[in-house]
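Asks: If you want this note's numbering, it's the position in the sequence shown, counting the first as 1, plus 15.
We put the beta carbon where it would ideally sit given N, CA and C, even for glycine.
This one's a predicted model, so the numbers in the text were calculated from it and none came from an experiment.
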Amino acid sequence: MAQNGTIVVFGSFVTDLTSRSEGLPVPGQTILGSSFSSGPGGKGSNQAVAAHRCGAKVQMVTKVGNDVFASAVRDFYKEEGMDTSFFFTDPEKATGAALIMVDEKTGQNIIVVIGGACQNISAEEVERSRPLIESSSILLLQMEVNFDALFAVIKMAHDAGVTVVLNPAPANKIPANIMTMIDIVTPNETEAKILTGIEVKTKEDAKKAAEAFFRQGVRQVVITMGSLGAYANDGQKDELVPCLPVDVLDTTGAGDAFNGAFVTALVEGKDLFSALRYGNAGGALSTTKPGTAPAMPFRKDIDALYRKHYGA
Ligand code: RIB
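#1: Name the two residues that bound the continuous alpha helix (DSSP H) containing Lys323.
#2: For Asp220 and Thr211, what's the separation of their Cα atoms in angstroms?
#3: Please tell me whether, using a cut-off of 6 Å, the distance from the CB of Cys118 to the nearest non-hydrogen atom of the ligand RIB is below it.
#4: Does the contact criterion of 3 or more C-beta pairs under 8 Å hold for the region 224 to 236 versus the region 265 to 284?
#5: Quick check on this structure: which residue in Val141, Gly176, Asn192 and Val236 has the alpha carbon closest to the alpha carbon of Gln251?
#6: May I ask whether a heavy atom of the ligand RIB can be found less than 6 Å away from the beta carbon of Asp187?
#7: Roughly how many angstroms separate the alpha carbons of Ser152 and Ser301, rounded to a whole number?
#8: In the DSSP assignment, find the unbroken alpha helix (DSSP H) run with Glu273 in it and report its ends.
#9: Shorter than 6 Å, the distance from the beta carbon of Asp31 to the closest heavy atom of the ligand RIB, or not?
#10: Report yes if the C-beta distance between Gln62 and Asn274 is below 7 Å; otherwise report no.
#11: In the DSSP assignment, what are the bridge partners of Lys72?
#12: Please report the distance separating the alpha-carbon of Ala87 from that of Lys188.
#13: What would DSSP say about Arg234, mapped onto helix, strand or coil?
#14: Note the first and the last residue of the continuous alpha helix (DSSP H) segment covering Phe51.
#15: Using 8 Å as the cut-off, can you tell me whether the region 99 to 115 makes contact with the region 76 to 84, which would need three or more C-beta pairs spanning the two stretches below that distance?
#16: May I have the straight-line CA-CA distance separating Lys285 from Leu291, to the nearest angstrom?
#17: Would you tell me roughly how many angstroms separate the C-alpha atoms of Asp90 and Val117, rounded to the nearest one?
#18: Quick check: is any heavy atom of the ligand RIB less than 6 Å from the C-beta of Ala113?
#19: Would you mind stating whether Glu159 and Gly122 have Cβ atoms separated by less than 7 Å?
#20: Going by other Cβ atoms of all chains shown within 10 Å of its Cβ, with 16 needed for buried, is Ser242 buried or exposed?
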């Protein structure tokens, strides 16, 4: 089937419940926070919103409950001008939720995700997504949905010649045969360590982790390294681009903004290293605003930051 320039994101939608506080509590401790908010989140949906705001043609596939959180996300997508026709509805399981605590001193966060309905995507719903996935140009995935569905769509896309980009977050064991179907893997440094055993603190470490992914059958590797920047290796050449200087308010969802901008650049025909820079600019901008999906940056702002640091 011919690829049609669409990015399909097959992943999670959950409602983010976020507190901000000075510092983060340790087990057994209660601290007073300064604010609370709720809004659209989930790594899959955040990445879809990021790519959409970058100007890509995006179709999100996910599953929600039959509840007010599902109505809220449909309203949010409508306001964004995004399609929800591949939002499946679970009659029993509720829409998922994420409990997020943000340290307002550092912008760092800790997160617990309860996938809810999006952990319950059925084989029949995977089949209903087949024509969409097989005709797309890029399938972008994370690891917050049920793995039987996740691995089935990876195989479906791979067999159809669609570029498979896996952001393995949160990191979990991936079967060896599935690894060989992944074109580009985009872990952060923590996920890279879980999946390769290699601690990533320098460019040399990132290169070793990339080589471990190549041995597992992945074709290209991108590792986001927090304040150190972002690394890419296409098997011939590698590069670490430094983090861009911005005023950091909240790092939650920065990896999602990176992935959304990165795949948009790829679908537009940019090479891995230009896409790395575009993702880096998108990720940096998202940290300047609070929240996740609503903090995803818009194309004109990413273009401006990209031009400022990398030229035309
Ligand atoms: O990457 C940030 C996201 O992770 C949050 O929106 C939260 O929902 C969790 O999935």
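Replies: The short version:
#1: Along the sequence shown, read from residue 1 onward, the residue named residue 323 stands at position 308. In the DSSP annotation of this structure, the continuous segment of the alpha helix (DSSP H) that includes Lys323 starts and ends at Arg314 to Tyr325.
#2: Start at 1 with the first residue of the sequence shown, and residue 220 comes out as number 205. Start at 1 with the first residue of the sequence shown, and residue 211 comes out as number 196. If I take the Cα positions, the gap works out to 11 Å.
#3: To locate residue 118, count along the sequence shown from 1; it is residue 103. For the record, residue 118 in the displayed sequence is Asp; it is not Cys. Between the ligand RIB and the CB of Asp118, the shortest heavy atom gap is not smaller than 6 Å.
#4: Verdict: no, contact absent.
#5: As a first step, residue 251 is located in the sequence shown; it is residue number 236 there, counting from the start. Selected option, being the one with the closest Cα: Val236.
#6: For the purposes of this step, residue 187 is taken as residue 172 along the sequence shown, with counting starting at 1. The sequence given here has Asn at residue 187, not Asp. No, since every heavy atom of the ligand RIB falls outside the 6 Å radius drawn around the Cβ of Asn187.
#7: Mapped onto the sequence shown, residue 152 falls at position 137. Mapped onto the sequence shown, residue 301 falls at position 286. Rounded to the nearest angstrom, the two C-alpha atoms are 25 Å apart.
#8: Working through the sequence shown from its first residue, we reach residue 273 at position 258. Reading off the sequence, residue 273 comes out as Phe, not Glu. Counting along the chain, the alpha helix (DSSP H) containing Phe273 begins and ends at Ala269 to Val282.
#9: Within the sequence shown, the letter at position 16 stands for residue 31. Yes, the Cβ of Asp31 comes within 6 Å of a heavy atom of the ligand RIB.
#10: Here residue 62 refers to the residue found at position 47 of the sequence shown. Here residue 274 refers to the residue found at position 259 of the sequence shown. Yes.
#11: If you number the sequence shown from 1, residue 72 lands on position 57. In the DSSP output, where bridge partners are listed per residue, Lys72 has Thr21.
#12: The sequence position of residue 87 within the sequence shown is 72, counting from 1. The sequence position of residue 188 within the sequence shown is 173, counting from 1. Roughly 33 Å between the two C-alpha positions.
#13: Translated into positions along the sequence shown, residue 234 becomes position 219. In the three-state reduction of the DSSP assignment, Arg234 falls in the coil class, being assigned neither a helical nor a strand state.
#14: As a position in the sequence shown, residue 51 is number 36, starting the count at 1. Unbroken run through Phe51 is the beta strand (DSSP E), Gly48 to Gly56; no alpha helix (DSSP H).
#15: Yes, the region 99 to 115 is in contact with the region 76 to 84.
#16: By 1-based counting over the sequence shown, the position of residue 285 is 270. By 1-based counting over the sequence shown, the position of residue 291 is 276. The alpha-carbon separation between Lys285 and Leu291 amounts to approximately 10 Å.
#17: Residue numbering aside, residue 90 sits at position 75 when the sequence shown is read from its first letter. Residue numbering aside, residue 117 sits at position 102 when the sequence shown is read from its first letter. C-alpha separation (whole angstroms): 26 Å.
#18: Walking along the sequence shown from the start, residue 113 turns up at place 98. Distances from the CB of Ala113 to the heavy atoms of the ligand RIB include at least one below 6 Å.
#19: The count along the sequence shown starts at 1 and reaches residue 159 at position 144. The count along the sequence shown starts at 1 and reaches residue 122 at position 107. If you check the CB distance, Glu159 and Gly122 do not come in under 7 Å.
#20: By 1-based counting over the sequence shown, the position of residue 242 is 227. Its Cβ having fewer than 16 others within 10 Å, Ser242 is exposed.
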